[in-house]
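All residue numbers for the sequence shown refer to the working numbering, where the first residue is 17 and numbers rise by one. Below is one structure; the comments refer to it alone.
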Amino acid sequence: MKSIFTFLFLTILTTSVFSQTPVDVPTGGNYANDVYYNFSNDILKTAARSSWDVAFKTNQMSVSVLANNGTGTMVYTWPKGTIADWETLDTTGMGWTPLYNSVADWEYGAFNTNTVPGNAFDYGWGTYNMTSHNITGDSIFIVKLAGGDFKKFAIIQKNAIQNSWSFRYADLDNKNDTTITLDGDDYKNKTFIHYSIANNIVVEQEPSERWQLLFTRYFDYNIPYYVTGVLANSGVKIQQVGGVSQSDFENYQTSMFNDTLSEIGSDWKSFSMTTFQYVVVPDVVYFVQDTAGTDKSIWKLYFTGFSGSATGTYSFVKKNLGVTGINNFSERNLTVYPNPASHEINVIHDFSGDTEITVYNISGQPVFKTLNTESAGLNKNTLNISTLPAGIYSLHVRSGNDVKTVKFLKK
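The following block contains the structure:
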């Protein structure tokens, strides 16, 4: 009897974990809402997209600032001066090119667009200060809010050690001049701190739980057009496969997973000018893994419908494929100290065998590489970083298919 019960229990468990489940995610009439989604818990939160104007990444090592492009909020660089010219700004002859959030990487918001490639000191809205070790703002932006009002806006500082943001905004005639400081550590369970310039308040846009997908409206400058689609959270890896049977295909390749935030995006559907309805691509499947969350399961997703603007409903099928055989997104330990550092960093890890350590600058260029044969257990590698320019760097450790990454600050 015990063996029969065990068999039935495992059968029920297997059916629950590996069955295909249809899901509907409504975003409201005219796609008015952002919907934050987690595969295990489904919809975590539905929030009005119009509630915020700018957003600051909470990660201590991030310098990313978003604009709410999905509502039509527009950002322009004021080209006639620097942040020191705040009081004398004028917009005579305004006809500048708007700036948009990256559709590839959350680390490049609209306010980071002016980052100079190859310059480890430059972050678009400001530069790294070698004295204070903070990123100090040097630019003024003109922000056109969704309601039509114009504001001048400047990011004063990102304190990388205290993980705080300071920014300033005012009417173009200097009225309603406001300076705000936000502590990123107060929002550690969120990816961004959302802020409403129009209402002068922090907006609790994201759920407190870990979300994996965001169903939203955004500007895709590759088209260029406003689109409705799906964006992935930081740490979520995705593989898209086309030309396959959606219900049957499960042959994902972990080496093909990538972290492009719009990998799912909007091109899984098209609008038919014959039927005036949306048509879903019938042979595309997505495989999704949250490498930063607690559940490392691979989820299969394919779309079955899209309602259009009436209810803004996304229809899809999900299936939990488990984590068997997945080792590309490593569970290994990796720590760097001291952080920030001036001369040396100690890399503590438990990778074994032939192990490669590579350091990349903010532009993604490798600036240091070493290959060692490591033993099982904890290992320590000391790297001399004294010749590197000050700035934020990404350190990658790889052994076979195991890879792990951590960021550090060079003072």
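Just so you know, even glycine gets a beta-carbon here, dropped at the ideal spot from N, CA and C. Fair warning: this is a prediction, and the values are worked out from it, not measured in the lab.
{"query": "At 3 residues or longer, what runs of the beta strand (DSSP E) sit wholly inside the segment 330-399?", "result": "350-353, 360-365, 369-376, 382-390"}
{"query": "Cα separation between ILE172 and TRP181?", "result": "8 angstroms"}
{"query": "Fully enclosed by the segment 175-209, which beta strand (DSSP E) runs are 3 residues long or longer?", "result": "180-187, 194-199"}
{"query": "Can you tell me whether MET272 is helix, strand or coil according to DSSP?", "result": "helix"}
{"query": "In chain order, what residues of the same chain have a beta carbon less than 8 angstroms from the beta carbon of GLY407, not counting five sequence neighbours either side?", "result": "ALA136, PHE137, TYR144, ASN377, ILE378, LEU425, LYS426"}
{"query": "Closer than 6 angstroms by C-beta to THR43: which residues in its own chain qualify, once you throw out the five before and the five after it? Chain order, please.", "result": "ASN49, VAL51, PHE231, GLY328"}
{"query": "Mind checking GLU103: buried by the 16 CB within 10 Å criterion, or exposed?", "result": "exposed"}
{"query": "Whose CA, out of ALA214, HIS149, MET146, lies closest to the CA of SER66?", "result": "ALA214"}
{"query": "Given VAL91, which residues of its chain have a CB within under 7 angstroms of its CB, disregarding the five upstream and five downstream residues?", "result": "ALA83, PRO114, LEU115, ALA126, PHE127, PHE157, VAL159"}
{"query": "May I have the straight-line CA-CA distance separating PHE183 from PHE235, to the nearest angstrom?", "result": "24 angstroms"}
{"query": "Going by DSSP, which residues form a beta bridge with ILE315?", "result": "In the sequence as displayed, the identity of residue 315 is Trp instead of Ile. Answer by DSSP bridge pairing, in chain order: VAL304, ASN336."}
{"query": "Under 8 angstroms, with one C-beta from each stretch per pair, do the segment 301-312 and the segment 256-275 reach the 3-pair mark?", "result": "yes"}
{"query": "Residues in the same chain with beta-carbon distance under 6 angstroms from ALA71, minus the five sequence neighbours each way, listed in chain order, please.", "result": "LEU82, PHE208, HIS210"}
{"query": "Measuring CB to CB, does GLY153 end up less than 8 angstroms from ILE99?", "result": "yes"}
{"query": "What do you get for VAL297, buried or exposed, if any count of 16 or more other CB atoms within 10 angstroms of its CB means buried?", "result": "exposed"}
{"query": "Hey, out of ILE239, MET272, TYR330, THR307, whose CA is closest to VAL246's CA?", "result": "TYR330"}
{"query": "Would you call the CB atoms of GLU372 and LEU399 closer than 8 angstroms?", "result": "no"}
{"query": "Nearest CA to the CA of PHE322: which residue from PHE287, THR307, ALA248?", "result": "PHE287"}
{"query": "What whole-angstrom Cβ distance do LYS5 and ILE151 have, given they're in contact under 8 angstroms?", "result": "Any question about residue 5 goes unanswered here, given that the chain covers just 17 to 427."}
{"query": "Could you tell me the boundaries of the beta strand (DSSP E) in which LYS427 lies?", "result": "Premise fails: LYS427 is in no beta strand (DSSP E) and is neither H nor E."}
{"query": "Please work out which residues of its chain come closer than 8 angstroms, Cβ to Cβ, to ASN355, disregarding the five sequence neighbours upstream and downstream, and give them in chain order.", "result": "ILE361, PHE424, LEU425"}
{"query": "By DSSP, does SER263 sit in helix, in strand, or in coil?", "result": "coil"}
{"query": "Give me whichever residues DSSP pairs with ASP16 in a beta bridge.", "result": "Within the shown structure, residues of the chain are numbered from 17 to 427, placing residue 16 beyond reach of any answer."}
{"query": "Assign TYR139 to one of three DSSP states: helix, strand, or coil.", "result": "coil"}
{"query": "Going by the beta-carbon positions, is the gap between GLY338 and ASP299 smaller than 8 angstroms?", "result": "no"}
{"query": "Name the two residues that bound the continuous beta strand (DSSP E) containing GLY44.", "result": "Element bounds for GLY44: n/a, residue is neither H nor E."}
{"query": "Buried or exposed: GLN36, going by 16 or more other Cβ atoms within 10 Å of its Cβ?", "result": "exposed"}
{"query": "Nearest to THR307 by CA position, among SER261, VAL252, VAL39, is which residue?", "result": "VAL252"}
{"query": "Using a 10 Å radius around the Cβ and a threshold of 16 neighbouring Cβ atoms, would you call ILE280 buried or exposed?", "result": "buried"}
{"query": "So, THR147 versus TYR139, is the Cβ gap smaller than 8 angstroms?", "result": "no"}
{"query": "Report the three-state DSSP secondary structure of THR31 (helix, strand or coil).", "result": "Residue placement at THR31 is flagged as unreliable, the pLDDT there being 40, under the threshold of 50; the coordinate-derived value follows with that caveat. Note: THR31 maps to helix in three-state DSSP."}
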